[in-house]
Amino acid sequence: MGKQPAAIIGVGQTHHRAKREDVSMAGLCREAIDRALADANLSLDDIDAIVVGKAPDLFEGVMMPELFLADALGAAGKPLLRVHTAGSVGGSTAIVASSLVQAGVHRRVLTVAYEKQSESNAMWALSVPLPFNMPVHAGAGGYFAPHVRSYIRRSQAPTHVGAIVAAKDRNNALKNPYAHLHNEGTTVESVLASQMLWDPIRYDETCPSSDGACALVIVDEQTAASSPNPAWIHGTVMRSEATTAAERDQVNPQAGRDAAAALWKQSGITNPLEEIDTAEIYVPFSWFEPMWLENLGFAAEGDGWKLTEAGETAMDGKIPVNCSGGVLSSNPIGASGMLRFGEAALQVRGAAGEHQVDGARRALGHAYGGGSQFFAMWVVGSEKPSN
Amino acid sequence: MRDVAVVGFAQRQMPEFDGSPTCVELLVPLFKECYEQTGWTRKDVGFWCSGSSDYLAGRSFSFVQAVDAIGVIPPVNESHVEMDLAWAMYEAWIKIQTGEVDTALVYAFGKSSAGVLRRTLALQLEPYTMTPLWPDTVSLAGLQARTGIDAGLWDERAMAEVANRSLTDAEKNEYAVRKGGSSVDELLGRPMYADPLRKHDCAPVTDGAAALVLAAGDRAREVRDRPAWLTGISHYVDPMGMGVRDLTRSPSARRAGAALDLDGVEVAELHAPFSHQELILRSELGLADDVAINPSGGALASNPMFSAGGIRVGEAAQRIWSGEAGKVLAHATSGPALQQNLVCTLAASTSATEGAGN
Numbered sequence: 001m002g003k004q005p006a007a008i009i010g011v012g013q014t015h016h017r018a019k020r021e022d023v024s025m026a027g028l029c030r031e032a033i034d035r036a037l038a039d040a041n042l043s044l045d046d047i048d049a050i051v052v053g054k055a056p057d058l059f060e061g062v063m064m065p066e067l068f069l070a071d072a073l074g075a076a077g078k079p080l081l082r083v084h085t086a087g088s089v090g091g092s093t094a095i096v097a098s099s100l101v102q103a104g105v106h107r108r109v110l111t112v113a114y115e116k117q118s119e120s121n122a123m124w125a126l127s128v129p130l131p132f133n134m135p136v137h138a139g140a141g142g143y144f145a146p147h148v149r150s151y152i153r154r155s156q157a158p159t160h161v162g163a164i165v166a167a168k169d170r171n172n173a174l175k176n177p178y179a180h181l182h183n184e185g186t187t188v189e190s191v192l193a194s195q196m197l198w199d200p201i202r203y204d205e206t207c208p209s210s211d212g213a214c215a216l217v218i219v220d221e222q223t224a225a226s227s228p229n230p231a232w233i234h235g236t237v238m239r240s241e242a243t244t245a246a247e248r249d250q251v252n253p254q255a256g257r258d259a260a261a262a263l264w265k266q267s268g269i270t271n272p273l274e275e276i277d278t279a280e281i282y283v284p285f286s287w288f289e290p291m292w293l294e295n296l297g298f299a300a301e302g303d304g305w306k307l308t309e310a311g312e313t314a315m316d317g318k319i320p321v322n323c324s325g326g327v328l329s330s331n332p333i334g335a336s337g338m339l340r341f342g343e344a345a346l347q348v349r350g351a352a353g354e355h356q357v358d359g360a361r362r363a364l365g366h367a368y369g370g371g372s373q374f375f376a377m378w379v380v381g382s383e384k385p386s387n
Numbered sequence: 001m002r003d004v005a006v007v008g009f010a011q012r013q014m015p016e017f018d019g020s021p022t023c024v025e026l027l028v029p030l031f032k033e034c035y036e037q038t039g040w041t042r043k044d045v046g047f048w049c050s051g052s053s054d055y056l057a058g059r060s061f062s063f064v065q066a067v068d069a070i071g072v073i074p075p076v077n078e079s080h081v082e083m084d085l086a087w088a089m090y091e092a093w094i095k096i097q098t099g100e101v102d103t104a105l106v107y108a109f110g111k112s113s114a115g116v117l118r119r120t121l122a123l124q125l126e127p128y129t130m131t132p133l134w135p136d137t138v139s140l141a142g143l144q145a146r147t148g149i150d151a152g153l154w155d156e157r158a159m160a161e162v163a164n165r166s167l168t169d170a171e172k173n174e175y176a177v178r179k180g181g182s183s184v185d186e187l188l189g190r191p192m193y194a195d196p197l198r199k200h201d202c203a204p205v206t207d208g209a210a211a212l213v214l215a216a217g218d219r220a221r222e223v224r225d226r227p228a229w230l231t232g233i234s235h236y237v238d239p240m241g242m243g244v245r246d247l248t249r250s251p252s253a254r255r256a257g258a259a260l261d262l263d264g265v266e267v268a269e270l271h272a273p274f275s276h277q278e279l280i281l282r283s284e285l286g287l288a289d290d291v292a293i294n295p296s297g298g299a300l301a302s303n304p305m306f307s308a309g310g311i312r313v314g315e316a317a318q319r320i321w322s323g324e325a326g327k328v329l330a331h332a333t334s335g336p337a338l339q340q341n342l343v344c345t346l347a348a349s350t351s352a353t354e355g356a357g358n
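Structure below.
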C-alpha cells in the first residue's frame, strides 16, 4: 500500500491582533478549529486524530500545553500529537497531520497551530542564557540582519527591494480580513522613511508580534469527494541543517535548496516559476522574499530581487507571493507556517476572497525556522495528483 | 500497512549526568551504538525524529542543538515532537507507512536533575486556574493513589508488591538508578513521603537519553535475524481536568489497548512512574496474571523524562531479539495521572498490523 491521496477541505484562522484579550489559549485555538470544521462541513465527532503545533512552550509559560488543551481541542478520547520544530512548526505540523492520512492510518485529521504571544515575553523566552553557548541577545531581526546585508552584497540588489516587498505585503493584507496589520497607505517611500532597526532592516520591513491560530481539516480521498473544492496535497517535505558550521550558507541554506528540489520532484514540477500559480512564503523580514525566491528555485542565485523589482511577485505578477499579507502582516509564530500552508490551500480552492489569485491551480506553502535551518513546504493543487 | 520493526536500541539512565554534558555529547554515543547494531551510517537513515521538552531543558528550542549530534550537514529529513520518545517513534512509524522512507532513527533526551522535577511538571497543568496553586506531580499521584485505596481497588500492600518486584528485577538492569528488593513488609515499614506514597512508590528523578531504530520489511531483516515487528500501535489522550476525571481509571490507556490484539502477550513493559499506576494499567489493558510485567524494573527503577516511555519499547524489543518472548507489549504515558497513553505490541512474526487507525 503506497501513499494515499489526501486533501485539505477546511481552513480556519483567527483574527490576528497584538493582544487577544477576549480569549484564552483554548478559546483562540477553538476559534480557528470551529471555522475550519465549518468550512469542511464536519464536526469534531467526525475527526479521528488531532495534531497540534506551536513554537516554544516558554512563549506562554505552559509546559506541553496540548495536555491542558486536550478537551478544548476536542482531542479527549482521540489520538493527539504535538509537533515542535521552531518557526517552521506550523508547516511541519500540517505535514505530520497529512502523513496520518497519507499513511492510511486515519481518514479525517484536524490540525491546529497557535501562538498567544501576548501572554509572554518572547524576547525573554528566546534569550535564556545557556552554558557553553554564545549569547546573541539580538532578537530575530538582529540575528538575520547580517544575512540580509550579505544577500544585498552578493546579489548587487538595489537597496529599496525590501521596501517593495513590505509595501506589497502590507497592501495585500488590506484585502485579508484576518490580517493583524491593516496599515492603509503603505508605499515604498513610507517604508523607506520608517526607522532603521537592524541595518538594513527597517521598522516597516519587520513582522508584528501576534496572537493567533490556524486550523486545517485534512482528509482521505473518499471524504474529499464530498467537498466542492478540495485542495489536494501534491508534495510535502521537511529538511534540517545545523545552526552553525563554517561551511554553512545562511543566505541560501542547503536545507532549503534540498527541500525545494525534493518537493518539486515529488510534485512533478520541473519549472516552478511557470508551474506554480501563487506562493505563500515565510517572509518575516522583507528581504527574505528575494532570498527565498532563489532558495526555492523560482529564480537563479542572485536574481530573486529582479522578480520582486519587476512586480512579478505582486498579485497580478507572474508568481504572486504572499497575497494574504504574509508573515509581514501577521505573525503568531507557532501558527505562521500553518497560515502559509492554509492560505496556499485557500488559493487552489478558489476560496481566498479578495486576495484570490484568478485561476490559481497549484500553490506553494513554505515555512522556515531556527537560524534559517529548518524547512517545511508543501504543494497543493485543485486537481488530484497523478503521482 | 507495511511491516515495520524495531531493530536498534541504545539508552542511558542515571541519577545525574556526570559533568554537564550538552545534548550533543549525550546523544553521539547513543547514535554510535545504533550504527554498530545496524551496520549503518547516518546516510542509511531515511527519517529522524526526536522527543524532548523545552521546560525540562530550561530553554527554548532544546532540540536545535540536539540535531547537531546527527551531523546535519548535508541536511536531513527531520522532525521533533514535544513528547516522549514513544510518540517520536509513532511519527516515524507513520512516515514509513507513507512509503516515503524505509528507515528511521528516533531519539529523546532530558536532564531532570537540572531543576526540581516535581515543580517543573506542575507547569503542565491548566495555567489560568491550576498552575498558580503549584500542585506538584508527586502530590497529584498521591491523590490518585488515595482515591483508589478509598474505593477499595488496591491497598498499600499491593503497591509495595509492585515496588518490591520492580526493585528486585532492576538488579539485572545495568541502567537502573534504584535497585535491590527486600520484602513487602520491610517496604511497608518505611516512612510516608506523600501519603499514601512512600519513596519507593515514586519513580526516581533520572537523567537520560535513548534511541530506537525502525526499519521496514527487508531492511529490518538485513539488520536482525529476529526483528521486533511492530504489530500494533495506538495512542489516545484524556481531558486533563483533575477534578472531573475518575482518577482510578485511565480511559485512554484502555482505548489504546482495546485497539490492539493483546492475546498471547508474554511480557509487558509498562511506563508507570508510580506503583499504583501499574495496577491501573494492568486493569485497563486487561493483562492476564501470567504476563511478566516490567522485567527491566520499569519506571520505578529509573524514569528519564521523555525517554522512559520509548525505553519501554526498547526493553520489550530486546525480549524478541533474544528469543526470550514471541509477543510483547510496550506502553508509554504522559501528562499528570496517566492522562495520555500509547500502547504497542511487538512480535517475532509479521502477522498483519492492526489497531492503529482506530
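Chains as they are written, first to last, in the UniProt record's numbering: chain A, 1 to 387; chain B, 1 to 358.
Where a beta carbon is used, it is the ideal one built from N, C-alpha and C, also for glycine.
> Thinking C-alpha only, which one of Y178/A, K168/A, P65/A and P200/A is nearest T187/A?
Replying inline: Considering only alpha carbons, the answer is K168/A.
>> Give me the subset of the stretch 339–350 of chain B whose CB atoms are less than 8 angstroms from a CB atom of chain A, sorted by chain position.
In response: The stretch 339–350 of chain B vs chain A, Cβ under 8 angstroms: Q339 and Q340.
>> My output table needs one value for E269/B: the three-state DSSP class, helix, strand or coil.
In response: strand
>> Going by DSSP in three states, V105/A sits in which element: helix, strand or coil?
In response: coil
> From this set, N77/B, K32/B and I70/B, which residue's C-alpha is nearest G46/B's C-alpha?
Replying inline: N77/B
> So is G355/B buried or exposed if we call it buried at 16+ other beta carbons inside 10 Å?
Replying inline: Its pLDDT being 45, under 50, G355/B is placed unreliably by the model, and nothing is read from it.
> Would you report the Cα separation of G357/B and A256/B, rounded to the nearest angstrom?
Replying inline: Unreliable positioning characterises G357/B in this predicted model, as indicated by a pLDDT of 43, which lies under 50. The coordinate reading is nonetheless provided below. Straight-line Cα distance between these residues: approximately 11 angstroms.
> When the distance is taken between beta carbons, is D48/A closer than 8 angstroms to V11/A?
Replying inline: no
> Taking buried to mean at least 16 other C-beta atoms within 10 Å of its own C-beta, is T248/B buried or exposed?
Replying inline: Counting every other CB atom within 10 Å of its CB across the protein chains shown gives T248/B a total of 16 or more, marking it as buried.
>> Counting only Cβ pairs nearer than 8 angstroms, list the residues of chain B close to R248/A.
In response: I73
> Are the CB atoms of D277/A and V357/A nearer to each other than 8 angstroms?
Replying inline: yes
>> Using a Cβ-Cβ cutoff of less than 8 angstroms, which residues in the same chain neighbour S371/A once the five nearest sequence positions on both sides are dropped?
In response: At residue 371/A the sequence reads Gly, which differs from the Ser that was named. Around G371/A: Y143, T243, T244 and Q250.
> Mind checking V116/B: buried by the 16 CB within 10 Å criterion, or exposed?
Replying inline: Burial call: exposed.
> A75/A touches chain B at which residues, Cβ-Cβ below 7 angstroms?
Replying inline: V237
>> At a CB distance below 7 angstroms, what residues from the stretch 39–56 of chain B approach chain A? Give them in sequence order.
In response: S53, D54 and Y55
> Using a C-beta cutoff of 8 angstroms, does S120/A count as contacting chain B?
Replying inline: Interface residue (Cβ-Cβ distance to chain B less than 8 angstroms): S120/A is not classified as such.
> Which of helix, strand or coil does DSSP assign to P239/B?
Replying inline: coil
> Can you list the beta strand (DSSP E) stretches of 3 or more residues lying completely in the UniProt domain "Gcp-like" (31–117) of chain A, in chain order?
Replying inline: The qualifying runs are 49–53, 80–83 and 108–116.
>> Can you pull the chain C neighbours of K111/B, defined as C-beta to C-beta under 7 angstroms?
In response: Structure shown: chain C not included; protein chains present are A and B.
> Using 8 angstroms as the limit for Cβ to Cβ distance, is G357/B near chain A?
Replying inline: Confidence at G357/B is low in this model, with a pLDDT of 43, below 50, so its placement is unreliable and no value can be given for it.
> Along chain B, which residues have their Cβ under 7 angstroms away from the Cβ of F341/A?
Replying inline: Within 7 angstroms Cβ-Cβ: nothing; F341/A doesn't reach chain B, min ~15 angstroms.
>> Please report the straight-line C-alpha distance between A260/A and A259/B, rounded to a whole angstrom.
In response: 38 angstroms
>> Going by C-alpha to C-alpha distance, which of S98/A, L28/A, S92/A and G90/A sits closest to H234/A?
In response: S98/A
> Among L293/A, S118/A and G326/A, which one has its Cα closest to the Cα of C207/A?
Replying inline: G326/A
> If you measure from the beta carbon of A242/A to each beta carbon in chain B, is any gap under 8 angstroms?
Replying inline: Chain B contact via Cβ: present.
> Closer than 7 angstroms, Cβ to any Cβ of chain B: which residues of the stretch 77–107 of chain A, in chain order?
Replying inline: G77, K78, P79, L80, L81, R82, V83, H84, T85, A86, S92, V96, S99, L100, Q102, A103, G104, V105 and H106
> Where does the unbroken alpha helix (DSSP H) through H276/B begin, and where does it stop?
Replying inline: S275 to L285
> How about the stretch 296–315 of chain A and the stretch 150–158 of chain A: do they share at least three Cβ pairs that are nearer than 8 angstroms?
Replying inline: yes
> Residues of chain A with CB under 8 angstroms from M240/B, in chain order?
Replying inline: L67, F68, A70 and D71
>> If the cut-off is 9 angstroms on Cβ atoms, which residues from the stretch 127–150 of chain B count as contacting chain A, listed in chain order?
In response: Answer in chain order: P127, Y128, M130 and T131.
> What's the C-alpha gap between G212/A and D204/A?
Replying inline: So the two alpha carbons sit approximately 20 angstroms from each other.
>> Less than 8 angstroms between the beta carbons of A253/B and L287/B, yes or no?
In response: No. Outside cutoff.
> Which residues mark the beginning and the end of the beta strand (DSSP E) in which E275/A is found?
Replying inline: Looking at the DSSP string, E275/A is not in any beta strand (DSSP E); the run it does join, the alpha helix (DSSP H), is P272 to E275.
>> With a threshold of 7 angstroms on Cβ separation, who are the neighbours of Q318/B within its own chain once the five nearest residues in sequence on each side are excluded?
In response: F9
>> I'd like the list of long-range same chain contacts for I8/A, defined as Cβ closer than 6 angstroms, with 5 residues on each side in sequence excluded.
In response: Contacts found: L216, I218, A231 and A345.
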